[in-house]
Amino acid sequence: MSNAYAQRGVVVLTGAGISAESGLGTFRDVDGIWTKYPLEDLATPEGFARNPEFVQGFYNARRAQLKTSRPNAAHLALSELEAALQAAGRRFTLITQNVDHLHEQAGSQNVLHMHGELLKVRCEACRGVVRWPDDIGVRTPCPTCEAVGLMRPHVVWFGEMPLYMDEIETELARADLFVSIGTSGNVYPAAGFVQLARRAGARTLELNLEPSDGASFFDEARYGKASELVPDWASEIMRRL
Ligand code: APR
Numbered sequence: 079m080s081n082a083y084a085q086r087g088v089v090v091l092t093g094a095g096i097s098a099e100s101g102l103g104t105f106r107d108v109d110g111i112w113t114k115y116p117l118e119d120l121a122t123p124e125g126f127a128r129n130p131e132f133v134q135g136f137y138n139a140r141r142a143q144l145k146t147s148r149p150n151a152a153h154l155a156l157s158e159l160e161a162a163l164q165a166a167g168r169r170f171t172l173i174t175q176n177v178d179h180l181h182e183q184a185g186s187q188n189v190l191h192m193h194g195e196l197l198k199v200r201c202e203a204c205r206g207v208v209r210w211p212d213d214i215g216v217r218t219p220c221p222t223c224e225a226v227g228l229m230r231p232h233v234v235w236f237g238e239m240p241l242y243m244d245e246i247e248t249e250l251a252r253a254d255l256f257v258s259i260g261t262s263g264n265v266y267p268a269a270g271f272v273q274l275a276r277r278a279g280a281r282t283l284e285l286n287l288e289p290s291d292g293a294s295f296f297d298e299a300r301y302g303k304a305s306e307l308v309p310d311w312a313s314e315i316m317r318r319l
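Under our numbering, think of the first position of the sequence shown as 79, with each following residue one higher.
Have a look at this one:
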């Protein structure tokens, strides 16, 4: 891939596949989270209203996993690339569908968590969002407005609006390189970002374990493990800065 495609800006989108080698589950692989749990009950506002205890317990367990998970070589490579591109005066935007904080732990500075963050909770009364590394329950009072029983994971569920969409669309419209890493291309609007990037004239690259549902939209694709593919690709870009 010519490095001419990193003049205006690089936009990277990551999915659960980048965190798989850090021990966090993906959703649609064999043994994926949604093959074991009903997504309607755990990732929709209706499911939460039906059984808040069940939903809080599910996210508490995933939040607890973060205490022992660590970034892998793919997260670290993206953090290094961000610093190198910024030092070279180039724009770099990291969008993630993941709710873990492994990009931040790897040193990435400006991470757009379009599906929210597991380490934050939100009060449905005052809308306050607070950092929360431990369990929450159905009677946890809001630390801001003290309302009881209205705290929920700060995670975007199906049927809810993803976050940072204005900023994401602005960056996609100005990028000349879009790279999708570790996502099955199943969930919109993220699955449509490659087409927005193409419309803006960007070159597009998919780095994944296997062809995603959107594979045909990419100019180039490399298949394998993120911990191998991402450092190699990042080095290619950095070598030519
Ligand atoms: N390296 C690279 N890719 C991998 C690896 C790996 N080690 N392991 C798995 N993958 C790939 C899989 O081949 C798959 O294409 O990562 C992708 C994971 O796809 P999904 O499980 O569908 O996860 P994702 O695309 O992030 O899901 C999007 O769906 O349920 C919602 O909100 C949830 O953010 C999530 C969204």
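Glycine included, each C-beta is placed from N, C-alpha and C at the ideal position.
All values reported here derive from a predicted model rather than from experimental measurement.
Scanning the stretch 248 to 308 for uninterrupted alpha helix (DSSP H) segments of 4 residues or longer gives 271 to 277, listed from N- to C-terminal end. Going by DSSP, Gly135 is part of the alpha helix (DSSP H) stretching over Pro130 to Gln143. Listed in chain order, the non-local C-beta contacts of Thr171 below 6 angstroms within the same chain comprise Val89 and Glu249, local neighbours out to five positions each way being set aside. The three-state secondary structure of Ile173, taken from DSSP, is strand. Sequence-distant Cβ neighbours of Ser157 in its own chain, meaning closer than 6 angstroms and more than five residues away, are Ala184, Gly185 and Ser186. Distances from the CB of Arg106 to the heavy atoms of the ligand APR include at least one below 6 angstroms. Between the stretch 154 to 169 and the stretch 116 to 134, the count of Cβ pairs shorter than 8 angstroms is below three; the stretches do not touch.
With contacts defined as CB atoms closer than 7 angstroms, Ala203 and Leu180 fail to qualify as a contacting pair. Membership of His193 in any alpha helix (DSSP H) is not indicated, and neither H nor E is assigned to it by DSSP. Take Ala161, set aside five residues on each side of it, and no residue of its chain has a beta-carbon closer than 7 angstroms to its own.
Taken atom to atom, the span from the alpha-carbon of Thr174 to that of His191 is near 5 angstroms. Taking every protein chain shown into account, the CB of Ala127 has fewer than 16 other CB atoms within 10 angstroms, so this residue is exposed. Membership of His153 in the alpha helix (DSSP H) is indicated by the continuous run Ala151 to Ala165. Between Ala275 and Ala299 a beta carbon distance of about 14 angstroms is seen, past the 8 angstroms cut, so the two are scored as non-contacting.
Minimum Cα-Cα distance from Phe236 among the listed residues Ala251, Ser305, Trp112 and Asp291 corresponds to Trp112.
Taking C-beta atoms under 8 angstroms as the contact rule, Glu288 and Ser258 fail to qualify, at a distance of about 13 angstroms. Within the model, the alpha-carbon separation for Ala280 versus Asn150 is close to 28 angstroms. In this structure, Gly101 has its beta carbon at no less than 6 angstroms from each heavy atom of the ligand APR. Listed as beta-bridge partners of Thr92 by DSSP are Thr174 and Ile259. Here Ser294 is exposed, its C-beta having fewer than 16 other C-beta atoms within 10 Å. Distances between the C-beta of Thr261 and the heavy atoms of the ligand APR include at least one below 6 angstroms.
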